[in-house]
Amino acid sequence: MLRCASMELVVTDLAASRAFYVDLLGLIVTEEDENAIYLRTMEEFIHHNLVLRQGPVAAVAAFSYRVRTPEDVDRAEAWYAELGCRTERRKDGFVRGVGDSVRVEDPLGFPYEFFFEVEHVERLAWRYDLYGPGALVRLDHFNQVTPDVPRACRYLEDLGFRITEDISDSDGVEYAAWMRRKPTVHDTAMTGGNGPRMHHIAFATHEKHNIISICDTMGALRMSDRIERGPGRHGVSNAFYLYILDPDGHRVEIYTQDYYTGDPDNPVVRWDVHDNQRRDWWGNPVVPSWYTEASLVLDLDGNPKPVVDREEPSEMAVTIGADGFSWTRADDAGGARRGEAPQGFKLGNQL
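In the working numbering, the protein residues as written are 64 to 414.
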């Protein structure tokens, strides 16, 4: 497997979604009709990174990965069949611009797709006359919500993913893990919560100022209520980020400047769940909706998958509000630094 390559997203108002992803975010239309729009980023050469498809329920129909060879599609089909997962193969593809593909309902309940054959289109990396100030240049990653993070990690490691960073506590509870195929921090992340659901899809920009331009544009258009969180700097991944919501509430992250992870001995970065800088390096609040809201996913028949509750503690519950806490300085037990609370302790002020 090479990389996360595209997502098929079901939307309830195709025109409104087109205005969001094309007019606001500047994604390139490869082709479209009355039922679907195929979009790509500026540096992409395959047919699309995002399919918007009109449908009755807003949800994700496929998390799609490109594999290295045509034979890897065969291997994916056989591997999932051996796991007892439902699979469906289409030699002509499930969407335009993509050939022989297999879609599966994976062990976690997510709709995954694997393909190699693809239609090439013009890569616009050199078309600076087309670049807007907030240009999205690559699809960077997915983020998935699942009740059992350790199980999700074992499954993806068997599929060839590697963990780059994670969040846990002293009791061994795993709250989230970042996992990669390409040599960056992640192609997908597994976030502990009620699932299977899609937390967000992330597109990369070249620099921080591109993200700030998107914020300015959304403010000028009186769309600031669609900015859910950020801009800011993550502790996990070290990337600069912005989270915004499309007309159906699908969450989109705009992301830039993480780091290289391609060496075989790349060290795993482990974060304490109570470290106040894990989610935002500047210690800014994480809004509760970011922890609780996510998009439904579909089975291979197009029906929403049932959502299963997480049994282990939630990250929000242990870090936000009167019952939770987070700290800034682990080694400042006495609060000696300028008379502040021990460890930069915060209680209840992140709501």
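Note that CB positions come from ideal geometry on N, CA and C, so glycine has one too.
Worksheet entry | Nearest neighbour of P367, chosen from W334, P174, P246 and D96 [CA to CA] | Translated into the one-based positions of the sequence shown, residue 367 becomes position 304. The option with the nearest alpha carbon to P367 is P174.
Worksheet item: Below 7 Å between beta carbons: does that hold for G256 and V208?
Response: Stepping through the sequence shown from its first residue, residue 256 is reached at position 193. Stepping through the sequence shown from its first residue, residue 208 is reached at position 145. Going by C-beta atoms, G256 is nearer than 7 Å to V208.
Discussion item. Within 8 Å, do at least three Cβ pairs link the region 305-316 to the region 328-339?
Written reply: no
Discussion item. What residue range does the beta strand (DSSP E) around V136 cover?
Written reply: Residue 136 sits at position 73 when you count from the first residue of the sequence shown. Taken as a continuous stretch (DSSP letters only), V136 belongs to no beta strand (DSSP E), being part of the alpha helix (DSSP H) at P133 to E145.
Discussion item. Going by DSSP in three states, G282 sits in which element: helix, strand or coil?
Written reply: Within the sequence shown, numbered from 1, the residue matching residue 282 stands at position 219. Reduced to three states, the DSSP call for G282 is helix.
Worksheet item: Is E182 helix, strand or coil when you go by DSSP?
Response: For the purposes of this step, residue 182 is taken as residue 119 along the sequence shown, with counting starting at 1. Reduced to three states, the DSSP call for E182 is coil.
Discussion item. Could you give the first and the last residue of the continuous alpha helix (DSSP H) run that contains V212?
Written reply: Here residue 212 refers to the residue found at position 149 when the sequence shown is read from its first residue. Here the alpha helix (DSSP H) through V212 covers V212 to D221.
Practice prompt. Tell me where the alpha helix (DSSP H) around W421 begins and ends.
Written response: Any answer about residue 421 is impossible in this case: the structure gives the chain only from 64 up to 414.
Discussion item. I need the DSSP call for E378, collapsed to helix, strand or coil.
Written reply: Indexing the sequence shown from 1 puts residue 378 at position 315. Helix, per DSSP.
Discussion item. To the nearest angstrom, how far is the alpha carbon of R116 from that of F408?
Written reply: Stepping through the sequence shown from its first residue, residue 116 is reached at position 53. Stepping through the sequence shown from its first residue, residue 408 is reached at position 345. Going by the C-alpha atoms only, they are around 46 Å apart.
Practice prompt. In the DSSP assignment, find the alpha helix (DSSP H) that holds L77 and state where it starts and stops.
Written response: Position 14 of the sequence shown, counted from the first residue, corresponds to residue 77. L77 to R81 is the span of the alpha helix (DSSP H), which, as asked, contains L77.
Worksheet entry | Local Cβ density within 10 Å of Y477, reported as buried at 16 or more and exposed below that | Beyond the ends of the chain as shown, which are 64 and 414, falls residue 477; an answer cannot be given.
Item to complete: Pull up the distance between the alpha-carbon of P405 and that of M242, whole angstroms please.
Response: On the sequence shown, residue 405 is found 342 positions in, with the first residue counted as 1. On the sequence shown, residue 242 is found 179 positions in, with the first residue counted as 1. Computed Cα separation, rounded: 34 Å.
Worksheet item: What number of angstroms, rounded off, separates the C-alpha of D169 from the C-alpha of R149?
Response: On the sequence shown, residue 169 is found 106 positions in, with the first residue counted as 1. On the sequence shown, residue 149 is found 86 positions in, with the first residue counted as 1. If you take the alpha carbons of D169 and R149, they lie about 8 Å apart.
Worksheet entry | L305 versus M281 - alpha carbon distance | On the sequence shown, position 242 is the one that residue 305 refers to. On the sequence shown, position 218 is the one that residue 281 refers to. Using only the alpha carbons, I get a separation of about 12 Å.
Practice prompt. Find out if the Cβ-Cβ distance for the pair E228, P213 is shorter than 7 Å.
Written response: As a working note, residue 228 is residue 165 in the sequence shown. As a working note, residue 213 is residue 150 in the sequence shown. Not a contact, by the Cβ cut-off of 7 Å.
Fill in: Other residues of its chain near D232: CB distance less than 6 Å, five sequence neighbours each side excluded
The sequence position of residue 232 within the sequence shown is 169, counting from 1. So the list reads V336, once near-sequence residues are dropped.
Worksheet item: Should K245 be flagged as near chain D, meaning a C-beta pair shorter than 7 Å?
Response: Of the protein chains in this structure there is only one, and it is not chain D.
Worksheet item: Do A125 and V73 have their CB atoms nearer than 7 Å?
Response: Position 62 of the sequence shown, counted from the first residue, corresponds to residue 125. Position 10 of the sequence shown, counted from the first residue, corresponds to residue 73. No; because the gap between Cβ atoms is not below 7 Å, this pair is not in contact.
Fill in: For E403, the residue or residues it bridges with in DSSP
Locating residue 403 in the sequence shown gives position 340, counting from the first residue. Bridge partners of E403: none, in fact.
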